[in-house]
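In our numbering, each number is its position in the sequence shown, counted from 1, plus 29. Heads up: the structure comes next, in structure tokens.
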Amino acid sequence: MKQLFPIDILDIMIKGVIIGIAASAPMGPVGILCVQRTLNKGRWYGFVTGVGAAVSDIIYALFTGFGMSFVMDFINDPQRKFVLQIGGSIILLLFGIYTYRSNPNRLKHESHKKNNGKGTLWHNAITAFLVTFANPLIVFLFMALFAQFAFIIPDRPVEMTAGYLCIIGGAILWWYGLTWLIDKIRSRFDENGICIINKIIGSVVIIFSLLALIGTVFNLYTL
30 MKQLFPIDIL DIMIKGVIIG IAASAPMGPV GILCVQRTLN KGRWYGFVTG
80 VGAAVSDIIY ALFTGFGMSF VMDFINDPQR KFVLQIGGSI ILLLFGIYTY
130 RSNPNRLKHE SHKKNNGKGT LWHNAITAFL VTFANPLIVF LFMALFAQFA
180 FIIPDRPVEM TAGYLCIIGG AILWWYGLTW LIDKIRSRFD ENGICIINKI
230 IGSVVIIFSL LALIGTVFNL YTL
């Protein structure tokens with residue numbers, strides 16, 4: 030019996046969802062803005078803030094993916110791929126440490142000074158898009174994630190299209206879940222809560238990057 034979805038598509042879709050969540054989860058400026066708007070304006074204002082950020086992220090993901098696709102012959106060499114995955118794991122580890130040690134409440138206070146009224150849902154989404162798009166350093170995070178997950182598959186447009194759609198799907202899933210959680214616990218949510226979430230996210234990234242680094246070094250798995 031013929032499979033409805035080839036295994037390659039399912040594999041790349043799962044990786045896309047994970048990459049989308051991983052790129053969105055750290056509590057950077059847009060994450061704090063999303064929490065702030067959820068608390069001060071309502072859940073849907075926070076959610077569209079996340080959607081605006083997700084649109085910006087997928088643009089940078091496409092730039093990163095297309096750029097890496099031109100050097101696939103270099104990447105697919107086993108030794109070079111090994112070095113690239115080691116590098117990706119180290120970048121993720123440093124990113125996790127930075128996230129864990131950062132103070133998101135400083136960003137919250139800065140963004141609160143700029144907040145004037147609710148605005149429309151479109152306005153909230155567009156401003157979040159612009160804030161995220163103004164930070165091209167996200168490319169380096171996508172490079173690390175793409176390398177670690179061996180996400181790029183040359184000459185497979187159907188699989189890659191499904192993968193990119195799942196990246197934005199994973200990002201939207203994250204923002205939907207985050208705003209739902211913040212809305213449910215808004216009466217008990219304070220600055221300490223933001224710090225706790227940030228440290229949990231940083232810890233998860235650190236643990237994952239260490240597992241990926243150990244697995245790559247000792248050849249415990251094949252991505």
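For glycine and all other residues, C-beta sits at the position ideal for the given N, C-alpha and C.
Original post:
Excluding sequence positions up to five away, which residues of its chain have a Cβ less than 8 Å from the Cβ of residue 198?
Top reply: On the sequence shown, residue 198 is found 169 positions in, with the first residue counted as 1. The residues 45, 46, 49, in chain order, have a CB closer than 8 Å to that of residue 198 in the same chain once the five nearest residues on each side in sequence are set aside.
**OP:** Kindly indicate which three-state DSSP category residue 184 falls into: helix, strand or coil?
**Re:** Against the sequence shown, residue 184 aligns to sequence position 155. It is coil, neither helix nor strand.
Original post:
Just reading off the alpha helix (DSSP H) that residue 176 is part of, what are its end residues?
Top reply: Translated into the one-based positions of the sequence shown, residue 176 becomes position 147. Counting along the chain, the alpha helix (DSSP H) containing residue 176 begins and ends at 167 to 178.
Original post:
Considering only C-alpha positions, which residue in the set 58, 64, 80 is nearest to residue 152?
Top reply: In the sequence shown, residue 152 corresponds to position 123, counting from 1. The option with the nearest alpha carbon to residue 152 is 80.
**OP:** Since I believe residue 245 is in contact with residue 114 (beta carbons under 8 Å), could you give me their beta-carbon distance rounded to a whole number of angstroms?
**Re:** Taking the first residue of the sequence shown as 1, we reach residue 114 at position 85. Taking the first residue of the sequence shown as 1, we reach residue 245 at position 216. Correct: roughly 5 Å between the Cβ atoms.
Original post:
Can we say the stretch 79 to 95 touches the stretch 233 to 243, given the rule of at least three CB pairs closer than 8 Å?
Top reply: no
Subject >> Three-state secondary structure assigned by DSSP to residue 247 >> reply: Residue mapping note: residue 247 aligns to position 218 of the sequence shown, counting from 1. In the three-state reduction of the DSSP assignment, residue 247 falls in the coil class, being assigned neither a helical nor a strand state.
Subject >> Three CB pairs or more closer than 8 Å across the stretch 201 to 213 and the stretch 65 to 75 >> reply: yes
Original post:
CB-CB under 8 Å to residue 38, same chain, minus the five flanking residues each way: which ones, in chain order?
Top reply: Taking the sequence shown and counting its residues from 1, one reaches residue 38 at position 9. Taken in chain order, the residues that qualify are 187, 188, 191.
**OP:** Would you decide whether residue 163 is buried or exposed? Buried here means 16 or more other CB atoms lie within 10 Å of its CB.
**Re:** Against the sequence shown, residue 163 aligns to sequence position 134. Burial call: exposed.
**OP:** Measuring only between beta-carbons, confirm whether residue 239 sits less than 8 Å from chain B.
**Re:** No chain B appears in the structure shown, which is made up of a single protein chain.
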